[in-house]
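Numbering-wise (my numbering), the sequence shown opens with residue 2 and increments by one. A short write-up of the structure that comes next.
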Amino acid sequence: MLKIHAPPILIKALLSFDLSFSSSISATLSPLQSARLHRFRLRRTSIRALVTMSVPKSDSTGQSMTEHVAGNWYSVPGLRLRDHRFMVPLDYKNREASSKISIFAREIVAVGKEEQPMPYLLYLQGGPGFECPRSTEASGWILKACEEFRVRGTGLSTPLTPSSMQQIKSAPKLADYLTHFRADSIVNDAEFIRVRLVPEARPWSVLGQSYGGFCGVTYLSFAPQGLKQVLLTGGIPPIGDGCTADSVYRACFEQIIHQNEKYYKRFPQDIEIVRDVVTFLAESEAGGVPLPSGGILTPRGLQFLGLSGLGSSAGFERLHYMFERAWDPILVPGAPKQISSYFLNTYENWVSFDTNPLYAILHESIYCQGASSRWSAHRVRADHESKFDAINAAKEGRPVLFTGELTCTMASPCILRSQSGDDFIQLNLHLEVNARGVKTMQMIFPWMFDEVKALRPFKEATQLLAEKEDWPPLYDVTALNNNKVPVAAAVYYEDMYVNFKLVKETASQIAGIRLWITNEYMHSGLRDGGGQVFDHLMGMLNGKKPLF
Numbered sequence: 002m003l004k005i006h007a008p009p010i011l012i013k014a015l016l017s018f019d020l021s022f023s024s025s026i027s028a029t030l031s032p033l034q035s036a037r038l039h040r041f042r043l044r045r046t047s048i049r050a051l052v053t054m055s056v057p058k059s060d061s062t063g064q065s066m067t068e069h070v071a072g073n074w075y076s077v078p079g080l081r082l083r084d085h086r087f088m089v090p091l092d093y094k095n096r097e098a099s100s101k102i103s104i105f106a107r108e109i110v111a112v113g114k115e116e117q118p119m120p121y122l123l124y125l126q127g128g129p130g131f132e133c134p135r136s137t138e139a140s141g142w143i144l145k146a147c148e149e150f151r152v153r154g155t156g157l158s159t160p161l162t163p164s165s166m167q168q169i170k171s172a173p174k175l176a177d178y179l180t181h182f183r184a185d186s187i188v189n190d191a192e193f194i195r196v197r198l199v200p201e202a203r204p205w206s207v208l209g210q211s212y213g214g215f216c217g218v219t220y221l222s223f224a225p226q227g228l229k230q231v232l233l234t235g236g237i238p239p240i241g242d243g244c245t246a247d248s249v250y251r252a253c254f255e256q257i258i259h260q261n262e263k264y265y266k267r268f269p270q271d272i273e274i275v276r277d278v279v280t281f282l283a284e285s286e287a288g289g290v291p292l293p294s295g296g297i298l299t300p301r302g303l304q305f306l307g308l309s310g311l312g313s314s315a316g317f318e319r320l321h322y323m324f325e326r327a328w329d330p331i332l333v334p335g336a337p338k339q340i341s342s343y344f345l346n347t348y349e350n351w352v353s354f355d356t357n358p359l360y361a362i363l364h365e366s367i368y369c370q371g372a373s374s375r376w377s378a379h380r381v382r383a384d385h386e387s388k389f390d391a392i393n394a395a396k397e398g399r400p401v402l403f404t405g406e407l408t409c410t411m412a413s414p415c416i417l418r419s420q421s422g423d424d425f426i427q428l429n430l431h432l433e434v435n436a437r438g439v440k441t442m443q444m445i446f447p448w449m450f451d452e453v454k455a456l457r458p459f460k461e462a463t464q465l466l467a468e469k470e471d472w473p474p475l476y477d478v479t480a481l482n483n484n485k486v487p488v489a490a491a492v493y494y495e496d497m498y499v500n501f502k503l504v505k506e507t508a509s510q511i512a513g514i515r516l517w518i519t520n521e522y523m524h525s526g527l528r529d530g531g532g533q534v535f536d537h538l539m540g541m542l543n544g545k546k547p548l549f
């Protein structure tokens, strides 16, 4: 169960400080005038994140005793921003004995609204472990949300990087540490902040994108008293007992095959190029070519490009243009053929495990309740090996199928606990959480912890997480069946990461939810649609788009 931590005397002190919400403000403001947008990127991090700040008190271990530190306002075009840091327990079940970690939050409001009272929107970003983009101007859905909300987001919490995680020398200790970065901990983080930040600890709205939607459903399950309304975009999770990763992967394999077919129909010339690259890799020494980071690119690693290329807006085009420059030009007759450095660097930039390892380490655990994942994607793919064997496909003259993100529900924060740096946005808190975060369901395989240099140090800890059976619950079906919180969800019919059938099964268990089913957008519709997706969901909740 999630716990609410809000000492009354502390709440009163913080409310008098919080964002200048004063009782002297007129109660006659219209809902639009009283709306305020906060953007919070909340992230779980090491306590060391606050060492450089002026913190008045410390305990015997040197950890700060200050739970909330707020910075000064600053500007980007059309927006005013302010940074916050919160000290929260790593482990809420053992709060008194637990070490503390720092969550960074960035508050965002429209220019001139810094001192106006506004409702809060907590934005939960997708993941796992990928940061959300920094706001550089008032645009997209954030601009739309700023008309009615105060936004908050995250970004500078100390990330769990390959180097920082190696400070924990024991694989069992690292595995145990990482168990505190799932949706249950993220929701506890959100509640920790809500009762200290929102005047009178009133409920706030939540917007969950991709894995952030998973967190939103966890929030509905265990802390609905903290919610005014919930908006979900491309992120309704499977909620069955045990580990639902198997059912997710099975449902998604057919969709990913369909996406491959669409890609090659768009760019038929790439069939031969991809086959040639696979053959070159297979015939190279050690079965692949060295990557700039020190890892190795193999045929099965090449297939992983489906993660970014098959399920996002303009992903097809980016993938095609990448293969367009797969080979170095031959400047001297007879020179050996080789893969270009451009291609190898672009590959690593797409995969991003060098900077965001938690995406791989925690991915399958987000589906586990009282059962282990046991490398679900690896086991399920074995049933489809005849279709996804890249080397055989190249030999037989068939198109090589990409794998990648098989997410059938799940991004970045993420979450209130983030691992990379910029995942938590809190709208109106607009909280963009990739705090303790994880993204959607990408296919993660055990061999990646041999071939990807940044993941090699975490092979043993990840194996322990794959075998872990005593994962706590993430959802309460009874609570969802009796839900009273207004919920609206954007469901993308051709979403490669969120399986339509599984979404409908879960939605049938959430009382009162309204679905907007569309094929106009892909998984990244919230970002790609500007303010349209956000505006449509808000219309479903505020009566502008009535039931029909």
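Beta carbons: idealized from backbone N, C-alpha and C, even for Gly.
C-alpha gap between residue i and residue j, whole angstroms
i           : j           : result
residue 454 : residue 500 : 31 Å
residue 338 : residue 477 : 57 Å
residue 462 : residue 99  : 21 Å
residue 545 : residue 139 : 24 Å
residue 1   : residue 279 : Shown here, the chain extends from 2 to 549; a query on residue 1 therefore has no answer.
residue 506 : residue 218 : 14 Å
residue 332 : residue 348 : 24 Å
residue 319 : residue 325 : 10 Å
residue 208 : residue 509 : 20 Å
residue 246 : residue 493 : 20 Å
residue 468 : residue 354 : 22 Å
residue 276 : residue 449 : 21 Å
residue 106 : residue 533 : 26 Å
residue 447 : residue 77  : 43 Å
residue 268 : residue 317 : 9 Å
residue 380 : residue 244 : 13 Å
residue 524 : residue 315 : 11 Å
residue 271 : residue 281 : 15 Å
residue 387 : residue 328 : 28 Å
residue 551 : residue 178 : This structure leaves residue 551 out entirely; the chain is present only between 2 and 549.
residue 120 : residue 232 : 15 Å
residue 516 : residue 228 : 19 Å
residue 287 : residue 498 : 32 Å
residue 340 : residue 261 : 23 Å
residue 487 : residue 249 : 26 Å
residue 363 : residue 335 : 47 Å
residue 124 : residue 213 : 8 Å
residue 351 : residue 201 : 44 Å
Coil, strand or helix - residue i by DSSP
i           : result
residue 256 : helix
residue 246 : helix
residue 85  : strand
residue 1   : In the structure displayed, the chain extends from 2 to 549; residue 1 sits before or after that span and is not available.
residue 278 : helix
residue 463 : helix
residue 389 : helix
residue 100 : coil
residue 374 : coil
residue 476 : coil
residue 333 : coil
residue 142 : helix
residue 26  : The predicted model places residue 26 with a pLDDT of 30, which falls under 50 and marks its position as unreliable, so this point remains unresolved.
residue 315 : coil
residue 547 : coil
residue 194 : helix
Opposing strand residues paired with residue i [DSSP bridges]
i           : result
residue 67  : Answer is none; residue 67 lacks a bridge partner.
residue 369 : 244
residue 210 : 234
residue 519 : 493
residue 511 : Beta-bridge pairing links residue 511 to no other residue.
Reference residue i, options the options, closest by Cα
i           : options               : result
residue 237 : 141, 542 and 514      : 514
residue 495 : 512, 142, 471 and 521 : 521
residue 535 : 126, 146 and 252      : 146
residue 195 : 183, 307 and 122      : 122
residue 273 : 298, 321 and 308      : 321
residue 305 : 452, 222, 464 and 539 : 452
residue 470 : 182, 89 and 242       : 242
residue 264 : 80, 311 and 78        : 311
residue 503 : 190, 125, 251 and 390 : 251
residue 101 : 186, 71, 73 and 170   : 186
residue 84  : 374, 104 and 359      : 104
residue 169 : 464, 511, 459 and 211 : 459
residue 91  : 115, 79 and 181       : 181
Below-9 Å beta-carbon distance, residue i vs any chain D residue
i           : result
residue 366 : Absent from the structure is chain D; it holds one protein chain and no more.
Proximity test, residue i beta-carbon vs the ligand SAH heavy atom, cut-off 8 Å
i           : result
residue 191 : Because no ligand of any kind appears in the structure shown, any question about the ligand SAH cannot be addressed here.
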